[in-house]
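Numbering (our numbering), first residue to last: 338 to 474. Every residue, glycine too, gets a C-beta built ideally from N, C-alpha and C.
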């Protein structure tokens, strides 16, 4: 082959439709583009002939339609809510309390009382150890 043949870019519209169909993927892409600096484009991005660099920097999120931004925020909220619920379930399991037997506020009070009892017991044991090793205490 005596002449280098330029590769043709992929079908960008299909690719972007796939990304925008997934709010999580869209959020990840936008965060990555927002973190991209000029140096990154010069050192890591290999354009096709005549191709402009992708939008980048903190301003990139402003170009996204409001509907897409709303979907991204909803996806993030759903992920946070699922994580929050999982953590509460793990806490219920650790304390041996069946979920929904107590409200989260009651569970917090239960934990405070448990910690107070444990701290009092630790203080009693430390005092007992101190009195056996030091007869004047």
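Proximity to residue i [Cα-Cα], best of the options
i: residue 410; options: 368, 463 and 433; result: 368
i: residue 412; options: 366, 359 and 470; result: 359
i: residue 444; options: 432, 461, 453 and 455; result: 432
Span separating the alpha-carbon of residue i from that of residue j
i: residue 420; j: residue 459; result: 33 angstroms
i: residue 403; j: residue 447; result: 44 angstroms
i: residue 429; j: residue 401; result: 41 angstroms
i: residue 418; j: residue 373; result: 29 angstroms
i: residue 361; j: residue 442; result: 32 angstroms
i: residue 463; j: residue 415; result: 46 angstroms
i: residue 470; j: residue 450; result: 30 angstroms
i: residue 440; j: residue 457; result: 26 angstroms
i: residue 454; j: residue 461; result: 11 angstroms
i: residue 452; j: residue 434; result: 16 angstroms
i: residue 375; j: residue 438; result: 55 angstroms
Cβ-Cβ separation, residue j to residue i (assumed contact under 8 angstroms), whole Å
i: residue 370; j: residue 405; result: About 13 angstroms separates the two Cβ atoms, so there is no contact after all.
i: residue 426; j: residue 436; result: 6 angstroms
Residue environment, residue i, which counts as buried when at least 16 other CB atoms sit within 10 Å
i: residue 408; result: buried
i: residue 364; result: buried
i: residue 343; result: Residue placement at residue 343 cannot be trusted, given a pLDDT of 42 that sits under 50; what the coordinates show is reported in the next sentence. That one is exposed.
beta-carbon residue i near the ligand ATP non-hydrogen atom, thresh 7 angstroms
i: residue 460; result: Among the components of this structure there are no ligands whatsoever, and the ligand ATP is therefore not found.
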